[in-house]
Amino acid sequence: MIVVTGATGQLGRLVIEQLKTKVPADHIVAAVRDPEKAAELGVEVREADYDRPETLNSALAGAQRLLLISGNEIGERVRQHTAVVTAARQAGVERVVYTSAPRADTTSLFLAPDHKATERMIRESGLPFTLLRNNWYTENYEEGIRQAARTGTYLGSADEGRVASAPRADYAAAAAVVLTTEGHGGRTYELAGDVAWSFPELAAAISAATGEEVAYRDVSAEDHRAALTTAGLADAVADLLVALDADQANGLLAETTGELKLLIGRPTTPLAETVRELVGRG
Ligand SMILES: NC(=O)c1ccc[n+]([C@@H]2O[C@H](COP(=O)([O-])OP(=O)(O)OC[C@H]3O[C@@H](n4cnc5c(N)ncnc54)[C@H](OP(=O)(O)O)[C@@H]3O)[C@@H](O)[C@H]2O)c1
1 MIVVTGATGQ LGRLVIEQLK TKVPADHIVA AVRDPEKAAE LGVEVREADY DRPETLNSAL
61 AGAQRLLLIS GNEIGERVRQ HTAVVTAARQ AGVERVVYTS APRADTTSLF LAPDHKATER
121 MIRESGLPFT LLRNNWYTEN YEEGIRQAAR TGTYLGSADE GRVASAPRAD YAAAAAVVLT
181 TEGHGGRTYE LAGDVAWSFP ELAAAISAAT GEEVAYRDVS AEDHRAALTT AGLADAVADL
241 LVALDADQAN GLLAETTGEL KLLIGRPTTP LAETVRELVG RG
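Under our numbering, the first residue of the sequence shown carries the number 1, and numbering increases by one thereafter.
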């Protein structure tokens, strides 16, 4: 049996969809914080809240493989993930698969510390594991892409820094492969899109999709932050977005490894295709 946590999230839903194409639906369990949100997934649903360890033992009972989708509360995740891995050990899970971040053990990426600590905790647990170090989702740029399609300007502070993103569906397909096939124990996969792109190239892709002129406007981190807060974003969100652009400017997201393509057996989805879908011209 394969258990997927966070199965009502955007990535989790896609993983369940992919798994259903590979194994019978009654071999899949969606372990979720809010079972009501999972009714339409078409698989068994169990309650699993990272903050309520008492839900985790029953959620993982009988699990052979577990996909632990990282939580989204930065700073709380190591405690949450530890609760899940503790329950996985008690349940006798044969392999835990974890969604991590690029080069999590050595990078200076702003978002890496929770992932680095979780990876270490998983190694120390003694459970067989597979680490899926996912580069960024192309959909992370959805709001900026839509706004640029409306205004003709994509604003950022990443200069010409590149990001080897891929859409969530590509990472979900890789997770489904790793959960349903052999030979992945102890492996760490650096998963990324086949092509690393820059914001000027993103602006060109938006322009091609809409048929309208779109330009990238690079600003200082300070001006970027001010523009985001003026647009109504909370300070913490603006800080995060500016930090992510700095990581991109510094080349921390630019590595194209080819490992995602190898796992899914096809090229990753090109930026232009996702942009067309996001602006409704796909
Ligand atoms: N590589 C990237 O570019 C990137 C970008 C953003 C995030 N991430 C990471 O990848 C994960 C999956 O991405 P996503 O786009 O699917 O994010 P998402 O849509 O926000 O999904 C996060 C999932 O985590 C679940 N969750 C949060 N706190 C929980 C808790 N206390 N107990 C149980 N479940 C909990 C959520 O449950 P509910 O459905 O009940 O809300 C949701 O299903 C994120 O959580 C984050 O760690 C990666």
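Beta carbons: idealized from backbone N, C-alpha and C, even for Gly.
Ligand 2 and residue 86: does the residue's C-beta get closer than 7 Å to at least one heavy atom of that ligand?
By its list of ligands, the structure shown excludes ligand 2, since it contains just ligand 1.
When the Cα atoms are used, what is the spatial distance from residue 46 to residue 272?
Those two C-alpha atoms are separated by around 38 Å.
Between 69, 52 and 48, which lies nearest to residue 61 when the distance is taken from Cα to Cα?
It is 48 whose Cα lies nearest to the Cα of residue 61.
For the region 230 to 281, list the beta strand (DSSP E) runs that are entirely contained and at least 3 residues long, ordered along the chain.
The region 230 to 281 contains no whole beta strand (DSSP E) run of 3 or more residues.
Exposed or buried, which one is residue 168 when buried takes at least 16 other CB atoms within 10 Å?
The residue in question, residue 168, is buried, as its Cβ has 16 or more Cβ neighbours within 10 Å.
Under 8 Å Cβ to Cβ from residue 174, same chain only, skipping five residues before and after it: list those, please.
The answer, listed in chain order, is 132, 189, 191, 260, 263 and 264.
Can you check DSSP and say which residues form a bridge with residue 318?
Any property of residue 318 remains undetermined from this structure, which presents the chain solely from 1 to 282.
The beta strand (DSSP E) spanning residue 4 covers which residue range?
Element bounds for residue 4: 2 to 5.
Among all the DSSP beta bridges, which residues are the ones paired with residue 105?
Answer is none; residue 105 lacks a bridge partner.
By the 10 Å Cβ neighbour count, where 16 or more other Cβ atoms means buried, how is residue 186 classified, buried or exposed?
By the neighbour-count rule (16 or more Cβ atoms within 10 Å), residue 186 is not buried but exposed.
Between residue 105 and the rest of its own chain, which residues show a CB-CB distance below 7 Å, the 5 nearest in sequence each way excluded?
Excluding positions up to five away in sequence, the list reads 116 and 119.
Tell me, please, which residues DSSP counts as bridged to residue 110.
According to DSSP, residue 110 bridges with nothing at all.
To test your reading of the DSSP string, which unbroken alpha helix (DSSP H) runs of 4 or more residues are found completely within the region 122 to 178?
Listed in chain order, the complete alpha helix (DSSP H) runs (minimum 4 residues) inside the region 122 to 178 are 142 to 151.
Can you give me the C-alpha to C-alpha distance between residue 218 and residue 278, rounded to a whole angstrom?
When rounded, the distance between both Cα atoms is 22 Å.
What residue from 44, 79 and 34 has the CA that sits closest to residue 20's CA?
Here the closest residue by C-alpha is 44.
Any chance the region 191 to 200 sits against the region 224 to 236, with 3 or more Cβ pairs inside 8 Å?
They do not touch, by the three-pair rule.
When we look at the beta-carbon of residue 198 and count the other beta-carbons within 10 Å, is it buried (16 or more) or exposed?
Buried, since its Cβ has 16 or more Cβ neighbours within 10 Å.
Could you say which of 252, 10 and 249 lies nearest to residue 69 if we only look at CA atoms?
That would be 10, whose Cα lies nearest to the Cα of residue 69.
Helix or strand or just coil, what does DSSP make of residue 223?
DSSP places residue 223 in helix when its eight states are reduced to three.
Less than 7 Å between the CB of residue 248 and some heavy atom of ligand 1, yes or no?
Checking the Cβ of residue 248 against ligand 1 gives no.
Can you tell which of 86, 144 and 280 has its C-alpha closest to the C-alpha of residue 123?
Among 86, 144 and 280, the Cα nearest to that of residue 123 belongs to 86.
Between which two residues does the beta strand (DSSP E) holding residue 17 run?
No beta strand (DSSP E) holds residue 17; the alpha helix (DSSP H) holding it covers 10 to 20.
What I want to know is whether the C-beta of residue 51 ends up closer than 7 Å to one or more non-hydrogen atoms of ligand 1.
Checking every heavy atom of ligand 1 against the Cβ of residue 51, one is found closer than 7 Å.
Hey, how far is the Cα of residue 240 from the Cα of residue 165?
Their backbone Cα atoms lie some 18 Å apart in a straight line.
Tell me residue 214's beta-bridge partners as DSSP assigns them.
Partner(s): none; residue 214 has no beta bridge.
Mapping DSSP to helix, strand and coil, what is residue 33?
The answer is coil: DSSP assigns residue 33 none of H, G, I, E or B.
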